[in-house]
Amino acid sequence: MIDRKQLGIAVVGAGRIGSLRAGLAAGHPAVNFIAISDADPARARDLAQRIGAQFHSGDNLAAISRPEVNAVIVATSEGEHLRPVMQALELGKTVLVEKPLALTLSEADGILAAAEKRGANLRVGYSRRYKERYLIAKEQVMQGRVGRIVGASARVYNSRSQALAMLKRNPGATPVGSRART
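Have a look at this one:
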């Protein structure tokens with residue numbers, strides 16, 4: 647019988663989303679190795695201990711370049727995606743990067759060029775894009791079944807403090823970022 651445990655995952659970023667992704671990886675039967683890295687080595691260590699990861703570091707490249715790792719999840723702050731994504735792609739690793747891919751079009755172009763050059767798999771983690779309810783809504787809109795859309799509203803399920811923290815980290819990433827209160 648073939649051993650289904652064959653994935654080695656590096657999770658870069660031990661914050662809220664990195665912790666979620668690492669926990670999911672730890673419970674998946676195909677994952678046999680997990681490395682955690684974070685700019686804060688203590689945070690990487692704590693998450694690694696919590697989920698039973700085999701390696702942790704304050705150095706992203708140390709986790710990404712482990713020979714056991716064949717896929718990398720980049721769950722850092724939005725403005726810190728570029729470097730670990732590029733490091734992983736340069737090593738030919740499969741990459742899942744949390745949205746956004748990059749903060750600028752030129753950074754995104756560079757990431758895509760690196761993925762194409764290495765033939766690496768690159769995916770962006772859109773948490774709701776493929777949920778059935780959104781796909782049905784999109785289909786209804788595309789078929790013209792809801793009429794002409796003249797406006798829309800949305801709810802953000804992050805707390806106000808989380809939303810403001812995101813804007814503070816990357817004030818130029820959104821037109822309202824410069825207006826975020828401190």
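Each residue of the sequence shown is one higher than the last, beginning at 647 in our numbering.
Yeah, the Cβ is synthetic: ideal placement off N, Cα and C, and Gly gets one too.
Just so we're clear, the structure is a prediction, and the values are computed from it rather than from any experiment.
Exposure of residue i, with buried meaning 16 or more beta-carbon neighbours within 10 Å
i	result
Asn-706	buried
Leu-768	buried
Leu-735	buried
Ser-683	buried
Val-796	exposed
Arg-712	buried
Gln-733	buried
Ala-800	exposed
Ala-798	exposed
Gly-765	exposed
Pro-895	Here the chain has residues from 647 to 828 only, and residue 895 is not among them.
Ala-671	buried
Ala-676	exposed
Gly-659	buried
C-alpha distance - residue i paired with residue j, whole-angstrom precision
i	j	result
Ile-663	Lys-739	20 Å
Ala-721	Val-743	6 Å
Leu-728	Ala-748	7 Å
Ala-760	Gly-793	42 Å
Glu-726	Ala-783	33 Å
Gln-786	Tyr-776	15 Å
Ala-699	Phe-679	7 Å
Gly-673	Ile-757	30 Å
Gly-661	Leu-781	29 Å
Ala-754	Glu-724	13 Å
Glu-762	Ser-773	24 Å
Ile-710	Arg-791	47 Å
Ala-708	Leu-737	12 Å
Arg-696	Ser-807	25 Å
Other residues of its chain near residue i: CB distance less than 8 Å, five sequence neighbours each side excluded
i	result
Gly-704	Ser-683, Asp-684, Ala-685, Asp-686, Pro-687, Ala-690
Cβ-based neighbour list, residue i, same chain, cut-off 6 Å, excluding 5 preceding and 5 following
i	result
Val-657	Gly-664, Arg-667, Ala-668, Ile-682, Ile-719
His-702	Ile-682, Ala-690, Arg-691, Ala-694
Boundaries (first-last residue) of the beta strand (DSSP E) holding residue i
i	result
Asn-678	677-683
Leu-742	740-744
Val-657	653-658
Arg-689	Element bounds for Arg-689: not the beta strand (DSSP E) but the alpha helix (DSSP H), 687-697.
Leu-768	768-771
Ser-703	701-703
Close Cβ partners of residue i (< 7 Å) along its chain, the five nearest in sequence each way excluded
i	result
Asn-716	Leu-653, Gly-654, Lys-739, Thr-740
Val-770	Val-743, Lys-745, Leu-747
Residue interval of the alpha helix (DSSP H) (run including residue i)
i	result
Ile-710	706-710
Leu-728	728-736
Ser-665	662-672
Ile-757	751-764
Val-787	778-788
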